[in-house]
Amino acid sequence: MFIGIAAALLAGTMLGLYALPGKYTSDFEEENKWSLFFILTMFVVPLISTFALMKGVGSIYSGIDSGILITMIVSSFLWGVGVMMWGKAIDHIGLSLGFSLFIGTVILVGSILPLGIAISKGQSLPSTPAMIAILSGIAIVLFGVLSNGRAGLAREADEVALKAAEGSDADDESSKPKSYALGILIAVFGGLLATGFNVAYTYGAGPLGDAVEANGNPGWMTAMAVMLPVFLSGGVVMTFYFLFQLSKRQVWGNFKTPSFGKNFVLIFIMAFFHYAASAMYAFAADSLGANGPVVVYAIFNTTCLVVAVVSGILTGEWAKASPAARRWLYTGLACMVVGVLVLAFGQTLDQKPVETAANVSIQSDLINSGI
1 MFIGIAAALL
11 AGTMLGLYAL
21 PGKYTSDFEE
31 ENKWSLFFIL
41 TMFVVPLIST
51 FALMKGVGSI
61 YSGIDSGILI
71 TMIVSSFLWG
81 VGVMMWGKAI
91 DHIGLSLGFS
101 LFIGTVILVG
111 SILPLGIAIS
121 KGQSLPSTPA
131 MIAILSGIAI
141 VLFGVLSNGR
151 AGLAREADEV
161 ALKAAEGSDA
171 DDESSKPKSY
181 ALGILIAVFG
191 GLLATGFNVA
201 YTYGAGPLGD
211 AVEANGNPGW
221 MTAMAVMLPV
231 FLSGGVVMTF
241 YFLFQLSKRQ
251 VWGNFKTPSF
261 GKNFVLIFIM
271 AFFHYAASAM
281 YAFAADSLGA
291 NGPVVVYAIF
301 NTTCLVVAVV
311 SGILTGEWAK
321 ASPAARRWLY
331 TGLACMVVGV
341 LVLAFGQTLD
351 QKPVETAANV
361 SIQSDLINSG
371 I
């Protein structure tokens with residue numbers, strides 16, 4: 001049990017910190033930083049990890065139905081756009097808001113989606129106590145997302161007022177803060193699109209899981225088997241987007257900076273943390289047995305949210321914000337943490353077979369990550 005809980009804490013910490021090294025790159029524009037990050041996290045790290053850790057990779061993928069693969073690829077394109085928007089949101093509104101709004105949206109949709117699927121297929125819904133807990137958790141998380149949005153707008157107003165008081169040149173592009181309203185919109189819409197991973201997992205986890213175990217791999221590696229085509233497909237979208245952006249902004253030359261070596265190391269750490277958080281999540285859920293997915297769901301999401309918000313505060317993102325803006329931020333964080341715990345509790349009220357519980361939890365929550 002200790003190993004599983006430690007793995008869940010580590011997974012949440014890695015995801016909460018994954019974007020932090022990007023604050024310390026030098027001579028890179030956003031396009032340079034994120035294009036290199038997505039090449040590493042979508043192609044390099046998944047390919048190396050999969051072939052280094054998983055047995056029979058060729059056999060696992062050769063037997064998958066083409067219809068399932070196409071569905072996974074299409075939904076992965078949407079996920080890729082969502083994760084790309086997450087990066088843009090972080091640049092607009094910082095780690096604290098970027099994480100809490102994006103992941104809060106994913107948690108909301110990931111909790112509502114299974115209910116909608118059950119209704120559309122005529123399946124039985126959770127019991128009344130479980131439904132009450134789930135809906136209560138959704139409402140609390142939603143209030144947390146709205147509170148964080150309010151915190152972002154309040155922080156923007158504070159920064160604008162401070163600049164006006166200091167007599168900053170309003171026409172100086174470098175002195176203009178990025179629109180928080182736009183950043184909030186990007187984070188929320190990116191979170192909606194990122195649930196494309198859930199769709200890919202729903203369709204691919206069954207056949208790939210069977211193939212993974214048939215080739216002598218542990219069950220948690222099903223997550224890695226699903227992640228490879230998802231990451232590769234999503235990476236194609238990001239590659240074309242950033243090729244266009246690098247050319248449009250004419251910032252290809254920034255890669256020639258003397259700081260490239262340092263930047264590469266920092267961005268590789270980002271890529272490793274981003275990918276490893278999802279794999280570690282799956283390992284933790286598998287390690288804790290029947291209730292593992294539910295326990296890990298709560299630990300992973302609360303750890304990720306707290307770490308991201310605290311790291312943003314420690315790096316000065318809220319140094320110019322008023323006490324009122326910070327109260328909205330803390331209220332939003334508290335609501336999302338409580339909401340996640342209530343959702344996890346609701347999942348424990350209806351006992352399900354181990355395999356079913358694990359599949360439902362991971363498909364809904366693995367990429368809360370983002371993942």
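So for the sequence shown, UniProt numbering puts the first residue at 1; every next one is plus one. Note that beta-carbon positions come from the ideal geometry of N, C-alpha and C, so glycine has one too.
At the level of alpha carbons, what is the spacing between Val141 and Leu135? Whole-angstrom Cα-Cα distance: 10 Å.
Label Trp252 either buried or exposed according to how many other C-beta atoms from any shown protein chain fall within 10 Å of its C-beta, with 16 as the threshold for buried. So Trp252 ends up on the exposed side.
Check Glu29 in the structure and name its three-state DSSP category. Annotated three-state conformation of Glu29 is coil, per DSSP.
Could I get the ranges of all uninterrupted beta strand (DSSP E) runs contained in the segment 247-291, with 3 residues as the minimum, in chain order? Here no run is fully enclosed.
When the Cα of Phe231 is compared with those of Phe51, Gly63, Leu146 and Tyr275, which residue comes out closest? For Phe231, the nearest C-alpha among the options comes from Tyr275.
Using three-state DSSP, classify residue 399 as helix, strand or coil. Any answer about residue 399 is impossible in this case: the structure gives the chain only from 1 up to 371.
In terms of residue numbering, what span does the alpha helix (DSSP H) encompassing Asn198 cover? In the DSSP annotation of this structure, the continuous segment of the alpha helix (DSSP H) that includes Asn198 starts and ends at Gly196 to Ala214.
Which term fits residue 387, buried or exposed, when burial requires 16 or more other beta carbons within 10 angstroms of its beta carbon? There is no way to answer for residue 387, as the model of the chain reaches only from 1 to 371.
Limits of the unbroken alpha helix (DSSP H) element including Gly339: Per DSSP, the continuous alpha helix (DSSP H) segment holding Gly339 begins and ends at Pro323 to Leu349.
Would you call the segment 44-55 in contact with the segment 214-234, where contact means no fewer than 3 C-beta pairs closer than 8 Å? The segment 44-55, when compared against the segment 214-234, does touch it at the 8 Å Cβ threshold.
Out of Ser247, Ser278 and Leu243, which one is the CA nearest neighbour of Ala223? For the residues Ser247, Ser278 and Leu243, the minimum Cα distance to Ala223 belongs to Ser278.
Please classify Gln347 as buried or exposed, where buried requires at least 16 other C-beta atoms within 10 Å of its C-beta. Counting Cβ neighbours within 10 Å, Gln347 comes out buried, since at least 16 surround it.
Using a Cβ-Cβ cutoff of less than 6 Å, which residues in the same chain neighbour Phe283 once the five nearest sequence positions on both sides are dropped? So the list reads Ala7 and Trp220, once near-sequence residues are dropped.
Alpha-carbon to alpha-carbon, Phe268 and Leu20: For Leu20 and Phe268, the gap between their C-alpha atoms comes out near 12 Å.
Where does the unbroken alpha helix (DSSP H) through Tyr61 begin, and where does it stop? Tyr61 -> alpha helix (DSSP H) spans Val57 to Ser62.
Own chain residues within Cβ distance below 6 Å of Ser127, not counting five before or after: Excluding its 5 nearest sequence neighbours in each direction, Ser127 has C-beta neighbours in its own chain below 6 Å: Asp350, listed in chain order.
Nearest residue (CA-CA) to Tyr61, options Ala187, Glu213, Gly104 and Asn198: The candidate whose alpha carbon is nearest that of Tyr61 is Glu213.
So what does DSSP say about Tyr18, is it helix, strand or coil? In this structure, Tyr18 counts as coil in the three-state DSSP scheme.
From Arg155 to Ala344, what does the alpha carbon distance come to, in whole angstroms? Taking C-alpha positions only, Arg155 is separated from Ala344 by approximately 31 Å.
Could you check what DSSP says for residue 372 in three-state terms: helix, strand or coil? No information on residue 372 is available, as it lies outside the stretch 1 to 371 that the chain covers here.
Taking the alpha helix (DSSP H) that Val45 falls in, what are its first and last residues? Note, Val45: alpha helix (DSSP H), Val45 to Leu53.
Run through DSSP, which three-state label would Thr315 get? Reduced to three states, the DSSP call for Thr315 is coil.
Can you say whether Ala11 is buried or exposed, counting buried as having 16 or more other CB atoms within 10 angstroms of its CB? Ala11 comes out buried.
Taking DSSP as the reference, what is the three-state secondary structure of Ser179? For Ser179, the secondary structure class from DSSP, reduced to helix, strand or coil, is coil.
Compare the Cα-Cα distances from Thr41 to each of Leu95, Ile3, Gly87 and Ala321 and report the closest residue. Among Leu95, Ile3, Gly87 and Ala321, the Cα nearest to that of Thr41 is on Gly87.
Give me the Cα-Cα distance between Val74 and Leu162, rounded to the nearest whole angstrom. For Val74 and Leu162, the distance between alpha carbons rounds to 45 Å.
So, for Gly235: in the same chain, excluding its five sequence neighbours on each side, which residues have a beta-carbon less than 7 Å away from its beta-carbon? So the list reads Phe38, Met42, Phe43 and Gly80, once near-sequence residues are dropped.
Per-residue DSSP class, three states only, for Ala88: Sequence check: residue 88 is Lys here, not Ala. Three-state DSSP puts Lys88 in a helix.
Between Ser147 and the rest of its own chain, which residues show a CB-CB distance below 7 Å, the 5 nearest in sequence each way excluded? Excluding the 5 residues flanking it on each side, Ser147 has same chain C-beta neighbours closer than 7 Å at Trp328, Thr331, Gly332 and Cys335, in chain order.
DSSP-derived helix/strand/coil call for Asn148: Looking at Asn148 - three-state DSSP - the assignment turns out to be helix.
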